[in-house]
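Residue numbering for the sequence shown is 5 to 483, as defined by our numbering. Following: one structure in structure tokens, then a few remarks.
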Amino acid sequence: MFPSVDGRLANLAILLASFIVITSLKRFITNRQKKLPPGPVPLPLLGNVLSLDTKAAWLTYTEWAAAYGDLFFVRLLGQEVVVINSQHVAEALLDKRSRIYSDRPYIATLEPFGWSVVFFRPMQIKQAREMIANLIGDPQNYHSHFATFSASVAMSVTYGYQTSPHHDPLVRIVENALAIGLEVVTPEKAILLKTFPFLLKLPDWCWGSSIKCDARTSSDRMREMTDVPFQYAQDHMFSMVAENLQRIEKQDQTSRSFFEGALKKAATTAIIGSSGFVMTFALAMVLYPDVQRRAQAEIDSVVGLDRLPTFEDRTSLPYVESVLRETLRWQPVLPLGVPHVTTGDDTYDGYFIPKGTTVMCNVWGITRDEKRYLGASRFTPERFLDVNGALTDDDPAGYIFGFGRRACPGRYAADASLWSAIVTMLATVEFSSAKDDQGKVIEFTPQFTTGITRSFIALAPLWSSLAISHHALVPIRNL
5 MFPSVDGRLA
15 NLAILLASFI
25 VITSLKRFIT
35 NRQKKLPPGP
45 VPLPLLGNVL
55 SLDTKAAWLT
65 YTEWAAAYGD
75 LFFVRLLGQE
85 VVVINSQHVA
95 EALLDKRSRI
105 YSDRPYIATL
115 EPFGWSVVFF
125 RPMQIKQARE
135 MIANLIGDPQ
145 NYHSHFATFS
155 ASVAMSVTYG
165 YQTSPHHDPL
175 VRIVENALAI
185 GLEVVTPEKA
195 ILLKTFPFLL
205 KLPDWCWGSS
215 IKCDARTSSD
225 RMREMTDVPF
235 QYAQDHMFSM
245 VAENLQRIEK
255 QDQTSRSFFE
265 GALKKAATTA
275 IIGSSGFVMT
285 FALAMVLYPD
295 VQRRAQAEID
305 SVVGLDRLPT
315 FEDRTSLPYV
325 ESVLRETLRW
335 QPVLPLGVPH
345 VTTGDDTYDG
355 YFIPKGTTVM
365 CNVWGITRDE
375 KRYLGASRFT
385 PERFLDVNGA
395 LTDDDPAGYI
405 FGFGRRACPG
415 RYAADASLWS
425 AIVTMLATVE
435 FSSAKDDQGK
445 VIEFTPQFTT
455 GITRSFIALA
465 PLWSSLAISH
475 HALVPIRNL
């Protein structure tokens, strides 16, 4: 007689549990003489996973930081994790000791979900102005316009592809791919799949097989997001991708396959945009109209009403710059950054950090430090200005875009795109809450996505009373 399916699964679970026990005991014996950072007491086998809000882990980590400090230690199943909760500690480890902390951990959800693939100023200004035209013509679909803007610059440079103003097919492909993937590539969920890899082998009819179905769907969407724009570049042969394809044309077949694969990954990473930041800005302008009015007044005094702002005006608009900084800080899109892993043992401040430890920087905790940011939950751009109205040295971009050798390579391009979007919208439209047929404000409670990213979910139109001036194609806000 052959064992039943349930029996095989039970045996597999026992073997995996035994492996976790043996691994945990081995690590305990190895580290018992060494002082690990403080942290919550872990349960046998499970560690601290049951105490963690896996949908918003940054909230749990911020609570634990209040009890255990800026550097604490947790166990998630069989994985050791160090969480950093201050910019000072993050710079001391991830920047100054980048030789040890620059590697990335194995994220078990990347491959099955298809995520193993991942200076344009005139174009950025152009795309920002096209976004404004779309907002004027169709304000209710602002989320789609933001997504189009975020993807348009990268797609133009990377693939030579010009996005259409409405319902662009490639933008839709990107949105569909991100919808599933961003929820599952968190370290917490990846550790679950790393510990129980058999979840990807369950038959479709079996309980618990949903993760395999989601992985299949996500892989198909990511493959489409990788291949369709790449094929466009090959067909048209003018873009960053096309130029590199021409360079590798003379390589042998093996080399060509390798370089084409690397080029696809680089290009795919570039088009995963930053619409979450733009959504955060729009929400802030609705909730804090005084900020909007002050920023608009600054633009009026510097730029005037006969033209739109350009990058040459940036240094003369310190309050707009402070609005950008507060947008990055107030609701960080990557609240836990992107995890690192140690490639060797290390000691910091008397605490032992073992090789192979996942290291996460709790960006959310940094932004909610009341000693640094009084009234941290409020949108207050003035916190980045001194008494003379000049910008301070505190720039959240220093921790929002990561640390060390693995900091975001597109930081400066993303910063420029976000600034162009913010300053153009402030100069042309006015954000306000939507109203019902009786003219009463429609109340709403902001809701945010969860996963590796966190961004505001569009629930209702957020502005009204948009006007077009005598410039015809250039909308100017109604003063």
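Glycine included, C-beta positions come from ideal geometry on N, C-alpha and C. Just so we're clear, the structure is a prediction, and the values are computed from it rather than from any experiment.
(1) Give the range of the alpha helix (DSSP H) segment to which Ile404 is assigned.
(2) Please report how far the alpha carbon of Gly341 lies from the alpha carbon of Ser148, in whole angstroms.
(3) Can you pull the DSSP bridge partners for Lys439?
(4) Please report the straight-line C-alpha distance between Ser305 and Ala288, rounded to a whole angstrom.
(5) Do Val86 and Ile357 have their CB atoms nearer than 7 angstroms?
(6) Tell me the residue span of the alpha helix (DSSP H) that contains Glu67.
(7) Quick one: does the C-beta of Glu447 sit closer than 6 angstroms to a heavy atom of the ligand ADP?
(8) From Asp99 to Tyr355, what does the alpha carbon distance come to, in whole angstroms?
(9) Grab the span of the beta strand (DSSP E) containing Ile456 for me, first residue to last.
(10) Leaving out five residues on either side along the sequence, give the residues of the same chain with a beta carbon under 8 angstroms from the beta carbon of Trp68.
(11) Is the CB-CB distance between Val282 and Ala401 below 7 angstroms?
(12) For the candidate residues Asn89, Leu196, Val178, Pro173, whose alpha-carbon lies nearest to that of Leu49?
(13) Can you give me the C-alpha to C-alpha distance between Gly308 and Trp423, rounded to a whole angstrom?
(14) Phe202 by DSSP, collapsed to three states: which one?
(15) With respect to the alpha helix (DSSP H) encompassing Arg333, which residues constitute its N-terminal and C-terminal limits?
(16) Could you have a look at Cys365 and say whether DSSP puts it in helix, strand or coil?
(17) Taking the DSSP output, what are the residues bridged to Thr351?
(18) Should Thr396 and Ile104 be called a contact, given that it needs their Cβ atoms to be closer than 7 angstroms?
(19) Would you please state the rounded distance, in angstroms, between the beta carbons of Val367 and His344? I believe it to be under 8 angstroms.
(20) Within the chosen definition, does the region 136-143 reach the region 371-390 through at least 3 CB pairs nearer than 8 angstroms?
(21) In the structure shown, what three-state DSSP assignment does Val391 receive?
(22) For the candidate residues Leu174, Arg227, Thr284, Pro41, whose alpha-carbon lies nearest to that of Thr453?
(23) Where DSSP assigns a beta bridge to Asp304, which residues make up the other side?
(24) Taking the alpha-carbon positions, what's the Asp310 to Val427 distance?
(25) For Arg409, collect the residues of the same chain with a Cβ closer than 7 angstroms to its Cβ; drop the 5 residues on either side in sequence, then sort them by chain order.
(26) In this structure, how does DSSP classify Val85 when only helix, strand and coil are distinguished?
(27) Compute the distance between the beta-carbons of Thr64 and Leu56, then report whether it is under 7 angstroms.
(28) Between the region 327-341 and the region 382-392, are three or more C-beta pairs nearer than 8 angstroms?
(29) Cα separation between Asn145 and Ala418?
(30) Under 7 angstroms between C-beta atoms, does Arg409 make it to chain D?
(31) Beta-carbon separation of Ala299 and Leu430 under 7 angstroms?
(32) Quick check: what's the CA-CA separation for Glu434 versus Glu325?
(33) Mark Asn52 as exposed unless 16 or more other C-beta atoms lie within 10 angstroms of its C-beta, in which case mark it buried.
(34) In three-state DSSP terms, what is Arg101?
(35) Would you mind reading off the limits of the alpha helix (DSSP H) that contains Leu430?
(36) Given Ser213, which residues of its chain have a CB within under 8 angstroms of its CB, disregarding the five upstream and five downstream residues?
Once the coordinates are examined:
(1) Within the sequence shown, residue 404 is the residue found at index 400, counting from 1. Note, Ile404: alpha helix (DSSP H), 401-404.
(2) In the sequence shown, counting from the first residue as 1, residue 341 sits at position 337. In the sequence shown, counting from the first residue as 1, residue 148 sits at position 144. Spanning the two alpha carbons is a distance of roughly 25 angstroms.
(3) Translated into positions along the sequence shown, residue 439 becomes position 435. In the DSSP assignment, the residues bridged to Lys439 are Val445.
(4) Start at 1 with the first residue of the sequence shown, and residue 305 comes out as number 301. Start at 1 with the first residue of the sequence shown, and residue 288 comes out as number 284. One C-alpha to the other measures close to 22 angstroms.
(5) The residue labelled residue 86 in the question sits at position 82 within the sequence shown. The residue labelled residue 357 in the question sits at position 353 within the sequence shown. Yes, the pair counts as a contact, with Cβ atoms nearer than the cut-off.
(6) Here residue 67 refers to the residue found at position 63 when the sequence shown is read from its first residue. That run of the alpha helix (DSSP H) goes 61-72.
(7) Of the ligands one can find in the structure shown there are none, so the ligand ADP has no counterpart to examine.
(8) If you number the sequence shown from 1, residue 99 lands on position 95. If you number the sequence shown from 1, residue 355 lands on position 351. When rounded, the distance between both Cα atoms is 18 angstroms.
(9) Counting from 1 along the sequence shown, the entry for residue 456 is found at position 452. No beta strand (DSSP E) contains Ile456, which DSSP labels as neither H nor E.
(10) For the purposes of this step, residue 68 is taken as residue 64 along the sequence shown, with counting starting at 1. Cβ within range, chain order: Gly43, Pro44, Phe76, Val78, Val87.
(11) The count along the sequence shown starts at 1 and reaches residue 282 at position 278. The count along the sequence shown starts at 1 and reaches residue 401 at position 397. Against a cut-off of 7 angstroms, the Cβ pair of Ala401 and Val282 comes out as no contact.
(12) One-based indexing of the sequence shown puts residue 49 at position 45. The alpha carbon of Leu49 has as its nearest neighbour, out of Asn89, Leu196, Val178, Pro173, the alpha carbon of Leu196.
(13) Here residue 308 is taken as the residue at index 304 of the sequence shown, counted from 1. Here residue 423 is taken as the residue at index 419 of the sequence shown, counted from 1. C-alpha of Gly308 to C-alpha of Trp423: approximately 18 angstroms in a straight line.
(14) Residue 202 sits at position 198 when you count from the first residue of the sequence shown. Phe202 falls in the helix class under three-state DSSP.
(15) Along the sequence shown, read from residue 1 onward, the residue named residue 333 stands at position 329. Its alpha helix (DSSP H) spans residues 322-334.
(16) Numbered from 1 along the sequence shown, position 361 holds the residue referred to as residue 365. Looking at Cys365 - three-state DSSP - the assignment turns out to be strand.
(17) For the purposes of this step, residue 351 is identified with residue 347 of the sequence shown, where counting begins at 1. BP columns for Thr351 point to Phe356.
(18) By one-based count along the sequence shown, residue 396 stands at place 392. By one-based count along the sequence shown, residue 104 stands at place 100. For the pair Thr396 and Ile104, the CB atoms are not nearer than the 7 angstroms cut-off.
(19) The count along the sequence shown starts at 1 and reaches residue 367 at position 363. The count along the sequence shown starts at 1 and reaches residue 344 at position 340. About 13 angstroms; that fails the 8 angstroms criterion.
(20) At 8 angstroms Cβ cutoff, the stretches do not touch.
(21) The residue labelled residue 391 in the question sits at position 387 within the sequence shown. Residue state, collapsed to three classes: coil.
(22) As a first step, residue 453 is located in the sequence shown; it is residue number 449 there, counting from the start. Residue Thr284 is the option with its Cα nearest to Thr453.
(23) If you number the sequence shown from 1, residue 304 lands on position 300. When DSSP reads this structure, Asp304 sits in no beta bridge, so it has no partner.
(24) Position 306 of the sequence shown, counted from the start, is the residue given in the question as residue 310. Position 423 of the sequence shown, counted from the start, is the residue given in the question as residue 427. So the two alpha carbons sit approximately 15 angstroms from each other.
(25) Position 405 of the sequence shown, counted from the first residue, corresponds to residue 409. Once the five neighbours on either side are set aside, the close Cβ partners of Arg409 are Ser102, Ser106.
(26) To locate residue 85, count along the sequence shown from 1; it is residue 81. Per DSSP, reduced to three states, the secondary structure at Val85 is strand.
(27) Sequence index remark: in the sequence shown, residue 64 carries index 60 (1-based). Sequence index remark: in the sequence shown, residue 56 carries index 52 (1-based). In this structure, Leu56 lies closer than 7 angstroms to Thr64 by Cβ.
(28) Judged by Cβ distances under 8 angstroms, the region 327-341 makes contact with the region 382-392, as three or more pairs qualify.
(29) The residue you call residue 145 lines up with position 141 of the sequence shown. The residue you call residue 418 lines up with position 414 of the sequence shown. Near 23 angstroms, if we compare the C-alpha coordinates of Ala418 and Asn145.
(30) Within the model displayed, chain D is absent; a lone protein chain is all it includes.
(31) In the sequence shown, residue 299 corresponds to position 295, counting from 1. In the sequence shown, residue 430 corresponds to position 426, counting from 1. Here Ala299 is near Leu430, since their CB atoms are less than 7 angstroms apart.
(32) In the sequence shown, the residue the question calls residue 434 occupies position 430. In the sequence shown, the residue the question calls residue 325 occupies position 321. Distance between the alpha carbons of Glu434 and Glu325: 18 angstroms.
(33) Counting from one through the sequence shown, the residue named residue 52 turns up at place 48. Burial call: buried.
(34) As a first step, residue 101 must be located in the sequence shown, where it is residue number 97. Coil, per DSSP.
(35) The residue labelled residue 430 in the question sits at position 426 within the sequence shown. That run of the alpha helix (DSSP H) goes 415-432.
(36) By 1-based counting over the sequence shown, the position of residue 213 is 209. Only Leu203, Leu206, Pro207 meet the Cβ criterion.
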